[in-house]
Amino acid sequence: MSLHPHLDDDVLDPDEQPTDRISSLRENITAEAFDEWYHEWKFRKNIREGNSYFNKAGYVPDPERHSPSSLLQCQRKTYYDNENAPEEEEAPEGIFWMGSKFEEEILMPFLEDMAEDIHHRNYVQNSMWVDFELEHDETEVHFRGETDPVICDAQGNPILITEIKSKKTLSKFEGVENPKPDIHHKAQVHCYMYGLTKSFERRIDKAMVIYGSRNNHVLQPIPVDFDLEFWEEHVVPWAARHTDFRINDELPPAEPQFSWECKFCDYSQRCGQTADPGFSPDLFPPAADWKDVDVDGFLPLVEYPQRKVVDYLRAHAPKGAKLTPTLANQHPELTQKFDIHPWTCGNCENEYPFGTFGWDGKTDRSPWCPECEEDRLRGPLPPEQHE
Ligand code: SF4
Numbered sequence: 001m002s003l004h005p006h007l008d009d010d011v012l013d014p015d016e017q018p019t020d021r022i023s024s025l026r027e028n029i030t031a032e033a034f035d036e037w038y039h040e041w042k043f044r045k046n047i048r049e050g051n052s053y054f055n056k057a058g059y060v061p062d063p064e065r066h067s068p069s070s071l072l073q074c075q076r077k078t079y080y081d082n083e084n085a086p087e088e089e090e091a092p093e094g095i096f097w098m099g100s101k102f103e104e105e106i107l108m109p110f111l112e113d114m115a116e117d118i119h120h121r122n123y124v125q126n127s128m129w130v131d132f133e134l135e136h137d138e139t140e141v142h143f144r145g146e147t148d149p150v151i152c153d154a155q156g157n158p159i160l161i162t163e164i165k166s167k168k169t170l171s172k173f174e175g176v177e178n179p180k181p182d183i184h185h186k187a188q189v190h191c192y193m194y195g196l197t198k199s200f201e202r203r204i205d206k207a208m209v210i211y212g213s214r215n216n217h218v219l220q221p222i223p224v225d226f227d228l229e230f231w232e233e234h235v236v237p238w239a240a241r242h243t244d245f246r247i248n249d250e251l252p253p254a255e256p257q258f259s260w261e262c263k264f265c266d267y268s269q270r271c272g273q274t275a276d277p278g279f280s281p282d283l284f285p286p287a288a289d290w291k292d293v294d295v296d297g298f299l300p301l302v303e304y305p306q307r308k309v310v311d312y313l314r315a316h317a318p319k320g321a322k323l324t325p326t327l328a329n330q331h332p333e334l335t336q337k338f339d340i341h342p343w344t345c346g347n348c349e350n351e352y353p354f355g356t357f358g359w360d361g362k363t364d365r366s367p368w369c370p371e372c373e374e375d376r377l378r379g380p381l382p383p384e385q386h387e
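This note's numbering puts the first residue of the sequence shown at 1, with every later residue one more than the last.
Here's what the structure looks like:
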């Protein structure tokens, strides 16, 4: 007799077809259900990991605050990020996930084995927090962030900081005699070395940036020694300059630090660094026309990923944020939840409610203004979108 007699009732007969169960499963395993489940899963994960502030719509850190992972990147991109400008691309969640799995399931056990082989009282701590303030030219800056695994002694004193970065390929290091880490990764570990030195009151001046290939799990570890001049003359002034931009509400200049930065930037249209390859100058407005746009509002006639639209609208609802006609057309399901700006003409400034015109959604062929016939319709410009 089964210990769980009620379970026997649920076992299928060999020739029984549970059609209702199958069709319910098929109906419920949907992209939308996954999207909702995934959102909730991330919400809970953020709370479990002590990052519940990520769940707050429109979280804007204090101007003084810096995350070690943003240091020495494009000032403007970091400003858009910190000030919660609407992102033009989905976050590459799959790449982030693979990076954290690579760290947890492969690099951590490797580091633990290596550390113990070298000394039986070497241990590895998943991460350590740094949280400290500095002053540079009368500007206060505050660094707060969490390291990757740290090799430490039996009392938890840090010995060697690691920073693990997964990359698609490590081909750029092939044949290089003394490979160097990317400068922003060097800045990141400098911030950890400085912060841990302060909190442990002992010199912690050795780190390793460990690059791993997502394609084939090849490693490229690169040692980094603390360089006071680099820290004091590059990293800290960068942070102080960024804080000044934020305190003064001043959009920083477009100064990408690396050749790849604009290509992967979530704000490239807003910033004006992208020329639409299909751009034809007689159609208004080409993507390339947007330039130096500040943080508020969507770009008219530009499409955005749904999650980014919802995040932005929730965060900016008190300021009267609404869908643009382009977004209402792109995400019709959102029109039940959010208001829609009217079509507007940039020439005669006439307005028409969304739905007045049929439109196939081609952003370079929006309806012509029926009043002046001089311009295609768009929506209000970003500064006009908030009350
Ligand atoms: S597009 Fe380039 S210059 Fe502009 S914000 Fe992004 S990274 Fe910076």
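Yeah, the Cβ is synthetic: ideal placement off N, Cα and C, and Gly gets one too. It should be emphasised that the depicted structure is a prediction, and the values quoted were computed from it without experimental measurement.
A distance below 7 Å between beta-carbons, with the five flanking residues on each side excluded, links Ser366 to the following residues of its chain, in chain order: Leu301, Trp359, Arg376, Leu377, Arg378. For the set Met128, Arg21, Cys271, the Cα lying nearest the Cα of Asp289 is the one of Cys271. For Arg21, no beta strand (DSSP E) segment is defined; the enclosing uninterrupted segment is the alpha helix (DSSP H) at 19–28. Taking the Cα of Gln257 as reference, the smallest distance to any Cα among Tyr312, Asn178, Asp182 is reached at Asp182. From the listed residues Val209, Leu134, Trp41, Pro63, the smallest Cα separation to Trp231 is found for Leu134. Residue Trp368 holds the alpha-carbon nearest to the alpha-carbon of Phe357 among Trp368, Pro237, His386, Ile340.
The three-state secondary structure of His234, taken from DSSP, is helix. For Ala85 against Tyr211, the beta-carbon gap comes to about 30 Å, at or over 8 Å, which does not count as contact.
If you compare the alpha carbons of Arg144, Pro179, Lys322 with that of Leu71, the shortest gap goes to Arg144. One alpha carbon belongs to Phe132, the other to His142, and they sit about 6 Å apart.
The C-beta distance from Arg76 to Leu251 rounds to 7 Å, short enough to meet the 8 Å contact threshold. Under the DSSP definition of a beta bridge, Ile161 partners with Val150, Ala207. The ligand SF4 approaches Arg76 closely enough that one of its heavy atoms is under 6 Å from the residue's Cβ. Not one heavy atom of the ligand SF4 sits closer than 6 Å to the Cβ of Gln257. No heavy atom of the ligand SF4 is found nearer than 6 Å to the CB of Ala85. Membership of His136 in the beta strand (DSSP E) is indicated by the continuous run 129–136. Here the distance from the Cβ of Glu250 to the nearest heavy atom of the ligand SF4 is not below 6 Å. At least one heavy atom of the ligand SF4 lies less than 6 Å from the C-beta of Gln273. Apart from the 5 residues on each side of it in sequence, Phe354 sits with its Cβ closer than 7 Å to the Cβ of Pro325, Ala328, Ile340, Pro342, Trp343 in its chain, given in chain order. Take the alpha-carbon of Glu174 and the one of Asn126: they are about 29 Å apart.
For Cys271, the three-state secondary structure derived from DSSP is helix. Check the Cα spacing between Asn350 and each of Pro370, Glu87, Glu333, Glu103: the tightest is with Pro370. With respect to the 7 Å criterion, Leu228 and Gln269 are not classified as neighbours on the basis of their beta carbons. Counting the other CB atoms within 10 Å of its CB gives Asn215 a total below 16, which places it among the exposed residues.
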